[in-house]
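Asker:
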Amino acid sequence: MTLKINGKEEILEKEMTLTGLIKDKGLNGRNIVIECNLEIVPRQTWGKVDVKDGDSIEIISFTGGG
Amino acid sequence: MEDVLKIGGKEIKSRFFVGTGKFPDKAVVRDVLEASAAEVVTVAVRRVDPDSSDENILDHIPERCVLMTNTSGARDAAEAVRIARLAKAAGCGDWIKIEVINDNKYLLPDNKETIKAIEILAEEGFTVLPYMNPDLVDARRMVDAGAAAVMPLGSPIGSNRGFRTEEIVRIMVDEIKVPVIVDAGIGAPSEAARCMEIGADAVLVNTALSAAADPVKMAEAFSKAVEAGRSAYLAGIPERIEEASASSPLTGFLR
Chain A
80 MTLKINGKEE
90 ILEKEMTLTG
100 LIKDKGLNGR
110 NIVIECNLEI
120 VPRQTWGKVD
130 VKDGDSIEII
140 SFTGGG
Chain B
331 MEDVLKIGGK
341 EIKSRFFVGT
351 GKFPDKAVVR
361 DVLEASAAEV
371 VTVAVRRVDP
381 DSSDENILDH
391 IPERCVLMTN
401 TSGARDAAEA
411 VRIARLAKAA
421 GCGDWIKIEV
431 INDNKYLLPD
441 NKETIKAIEI
451 LAEEGFTVLP
461 YMNPDLVDAR
471 RMVDAGAAAV
481 MPLGSPIGSN
491 RGFRTEEIVR
501 IMVDEIKVPV
511 IVDAGIGAPS
521 EAARCMEIGA
531 DAVLVNTALS
541 AAADPVKMAE
551 AFSKAVEAGR
561 SAYLAGIPER
571 IEEASASSPL
581 TGFLR
């Protein structure tokens, strides 16, 4: 399936949940927010939400800022 | 009576707020925050880059600090609201520095869009601190919209040009009932002291620290300056007069 992750088009070979996607990206999930098609996905549901073809996903975290 | 600053139901002892951007070495942020004794600390939200080894900034911020996420990158109210909601969902509290900028050269904030964002976010229960172009009428509108404080700029972001907006900020301090925090452009401790001397409630500094040769030492210097300026304001700075006024008695001269 083809989807957009942080603005970049990506092809995923297998089905996965958001938890799987985070793991696949090598992220530990701490202080991360996931927005799927402009909706914030509550952390407790990441394991139940499958990524779908055409999804636009934003994975967001904190950085230094003034 | 202890001199505490109250914002959004929280009591803040340190009137020196610190931004965490642009530090070449993130590990220095903790030392800067310790040296500054800052309690309110700004961070930004960005897309995660899995290919970068970028450390999590939150690892370097002491537990005691109140995180204030900025909405940098927002060009209008809707984008600011989106960023604020993401920050809240990340579980880092509900203090938001609204920053709406669509001017790329001077990075001056858009007060009108900022007011729209305040209305929405205050209604949703955020503690909203808008970064703004100094203006009394707009500041009043921001307070009416639910701002917990207003944060007029001293000069353009990162410019180190100092407290150039003193005349207007002075009026805001006199008229605005929520805390007035000078944010942006403060380049040296003396300028931060000046902000406090005229009655600003706090000062937010980032670039002057991150760009200093020794950011930790500079944080300490700013912290002292902010405290000194505050004490001077509370002490009541005497009026300026045109002519001299002798400090020693004018009688009993040995002549």
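Residue numbers (my numbering), protein chains in the order written: chain A, 80 to 145; chain B, 331 to 585. Glycine included, C-beta positions come from ideal geometry on N, C-alpha and C. Keep in mind the model is a prediction, meaning the values are calculated, not measured.
If I measure Cβ to Cβ from Ile498(B) and keep anything under 8 angstroms in the same chain, skipping five residues before and after, which residues do I get?
Answerer: Around Ile498(B): Pro464, Asp465, Leu466 and Pro482.
Asker: Have a look at Val130(A), Gln123(A) and Leu117(A) and flag the residue whose alpha-carbon is nearest the alpha-carbon of Glu94(A).
Answerer: If we check each option's Cα against that of Glu94(A), Val130(A) comes out closest.
Asker: In the DSSP assignment, what residue or residues form a beta bridge with Trp425(B)?
Answerer: Answer is Thr457(B), bridged to Trp425(B).
Asker: Could you tell me if Val362(B) is buried or exposed, where buried requires 16 or more neighbouring beta carbons within 10 angstroms of its beta carbon?
Answerer: Val362(B) is buried by the Cβ-count criterion.
Asker: Can you look up Cys115(A) in the DSSP assignment and give me helix, strand or coil?
Answerer: It is a strand residue.
Asker: Applying the 10 Å Cβ sphere with the 16-neighbour rule, what's the burial state of Gly455(B)?
Answerer: Exposed is the call here.
Asker: If you drop the 5 nearest sequence neighbours on each side, which residues of the same chain put their C-beta closer than 8 angstroms to that of Lys554(B)?
Answerer: Pro519, listed in sequence order.
Asker: Does any C-beta atom of chain B lie closer than 8 angstroms to the C-beta of Val128(A)?
Answerer: Output row for Val128(A): interface = no.
Asker: Output the distance between the C-alpha atoms of Thr124(A) and Ile445(B), rounded to the nearest integer angstrom.
Answerer: Whole-angstrom Cα-Cα distance: 34 angstroms.
Asker: Flag this pair as touching only if the region 565-583 of chain B and the region 386-403 of chain B have three or more C-beta atom pairs under 8 angstroms; answer yes or no.
Answerer: Touching, no.
Asker: The region 112-126 of chain A: which residues have C-beta closer than 7 angstroms to a C-beta of chain B, in chain order?
Answerer: Cβ contacts with chain B: Val112, Glu114 and Ile119.
Asker: With Ala374(B) as the anchor, note down where its beta strand (DSSP E) starts and where it stops.
Answerer: Its beta strand (DSSP E) spans residues Val370 to Arg377.
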